[in-house]
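J.: A single structure is presented below for examination.
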Amino acid sequence: PVINGLTDYSHPCQILADMQTFYELRGPLTGKKVAFVGDGHNMCQSYLIASEVFGYDLAVATPEGFEPQAELVERYGDRTTLLRDPQEAVADADLVVTDVWASMGHEDQQLLRFRRFQGFQVDEAMLDRARDDALFMHCLPAHRGQEISEDLLEDARAVVWQEAGNRLHSQKALLEFLLA
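Residue numbers (the numbering used here): 63 to 242.
Right, here's the structure in full:
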């Protein structure tokens, strides 16, 4: 078997860790709302694909021109809403997720992306629009002052360090599943 650790298309090993983390803290994501704020790149696309498997609704807030691939939006459109307003996307969400604005391979677009993603920074006030027991995740590395506020990782709703630790456990489980 070939394990996709990370590509421009998707980041499935990270999704396994995210799903494990949410389940450990809040139970199944079935019937819940996930808000993805930021670039519609590999992490966002993985959340689109996982929405069908795990049964959650996904609100994606991204600037124009940074949407996930159209064929994925079409395929998972019954579970997905594309928005331009991140405040609207996170309203009543059970889980709020973001990723870096300039992923690997997009370093040459960093200044452009910094300008285009203004207003898409996840901060405490934005999380306040989500449900009272909402969680925040980021696959790391995070850029404080860009996609997240300076102190968001210290917020009680941020479970980023548990999520990061779960990468080890979820990937060990994946290896056992594939090789056993």
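Idealized CB from N, CA, C, for every residue including glycine.
According to DSSP, is Ile77 helix, strand or coil?
T.: Taking the sequence shown and counting its residues from 1, one reaches residue 77 at position 15. Helix at Ile77.
J.: To the nearest angstrom, how far is it from the Cα of Val88 to the Cα of Asp195?
T.: On the sequence shown, position 26 is the one that residue 88 refers to. On the sequence shown, position 133 is the one that residue 195 refers to. The identity of residue 88 in the sequence shown is Arg, whereas the question assumes Val. When only Cα atoms are considered, Arg88 and Asp195 end up about 9 Å apart.
J.: Classify Glu238 as buried or exposed, calling it buried when 16 or more other Cβ atoms lie within 10 Å of its own Cβ.
T.: Locating residue 238 in the sequence shown gives position 176, counting from the first residue. So Glu238 counts as exposed.
J.: Using only alpha-carbon positions, find the residue among Leu240, Val159, Arg193 and Val184 that is nearest to Asp213.
T.: In the sequence shown, the residue the question calls residue 213 occupies position 151. It is Val184 whose Cα lies nearest to the Cα of Asp213.
J.: List the residues that DSSP assigns as beta-bridge partners of Val64.
T.: For the purposes of this step, residue 64 is taken as the residue at position 2 of the sequence shown. Residue pairing for Val64: DSSP places it in no beta bridge.
J.: Below 8 Å between beta carbons: does that hold for Ser108 and Ser165?
T.: Within the sequence shown, numbered from 1, the residue matching residue 108 stands at position 46. Within the sequence shown, numbered from 1, the residue matching residue 165 stands at position 103. Contact flag unset, no.
J.: For the region 89-171, which segments carrying the beta strand (DSSP E) assignment without a break, of at least 3 residues, lie completely within its bounds, in sequence order?
T.: 95-99, 119-123, 142-145 and 157-160
J.: For Arg63, count the other beta carbons within 10 Å of its own beta carbon; 16 or more makes it buried, fewer makes it exposed. Which is it?
T.: In the sequence shown, residue 63 corresponds to position 1, counting from 1. Contrary to the premise, residue 63 reads as Pro rather than Arg in this sequence. Its Cβ having fewer than 16 others within 10 Å, Pro63 is exposed.
J.: I'd like to know if Gly127 contacts chain D, where contact means its C-beta is closer than 8 Å to some C-beta of that chain.
T.: As a matter of chain content, chain D is missing from the structure shown, which is built from one protein chain.
J.: Which first and last residues belong to the beta strand (DSSP E) in which Phe198 is found?
T.: Residue 198 sits at position 136 when you count from the first residue of the sequence shown. Phe198 -> beta strand (DSSP E) spans Leu197 to His200.
J.: May I ask which residues mark the beginning and end of the alpha helix (DSSP H) holding Ser232?
T.: Working through the sequence shown from its first residue, we reach residue 232 at position 170. That run of the alpha helix (DSSP H) goes Val222 to Leu241.
J.: Check Arg219 in the structure and name its three-state DSSP category.
T.: In the sequence shown, residue 219 corresponds to position 157, counting from 1. In this structure, Arg219 counts as coil in the three-state DSSP scheme.
J.: Got a sec? Which residues, its chain only, sit under 6 Å from Ile210 by beta carbon, not counting five neighbours each side?
T.: Position 148 of the sequence shown, counted from the start, is the residue given in the question as residue 210. So the list reads Val184 and Ala204, once near-sequence residues are dropped.
J.: Just the C-alpha distance for Asp156 and Gly139, rounded to the nearest angstrom, thanks.
T.: By 1-based counting over the sequence shown, the position of residue 156 is 94. By 1-based counting over the sequence shown, the position of residue 139 is 77. Taking the straight line joining both Cα atoms gives about 19 Å.
J.: Go ahead and pull the three-state DSSP assignment for Arg177.
T.: Here residue 177 corresponds to residue number 115 of the sequence shown, with the count starting at 1. It is helical.
J.: Report the partner residues of Arg206 according to the DSSP bridge assignment.
T.: Locating residue 206 in the sequence shown gives position 144, where the first residue counts as 1. Note: Arg206 sits in a beta bridge opposite Ile210.
J.: Alpha carbon to alpha carbon, what distance is there between Leu145 and Gln131?
T.: Walking along the sequence shown from the start, residue 131 turns up at place 69. Walking along the sequence shown from the start, residue 145 turns up at place 83. If I take the Cα positions, the gap works out to 15 Å.
J.: Based on Cα-Cα distance, which residue from Lys94, Gln208 and Met199 lies nearest to Arg229?
T.: As a first step, residue 229 is located in the sequence shown; it is residue number 167 there, counting from the start. Nearest to Arg229 by C-alpha distance, out of Lys94, Gln208 and Met199, is Met199.
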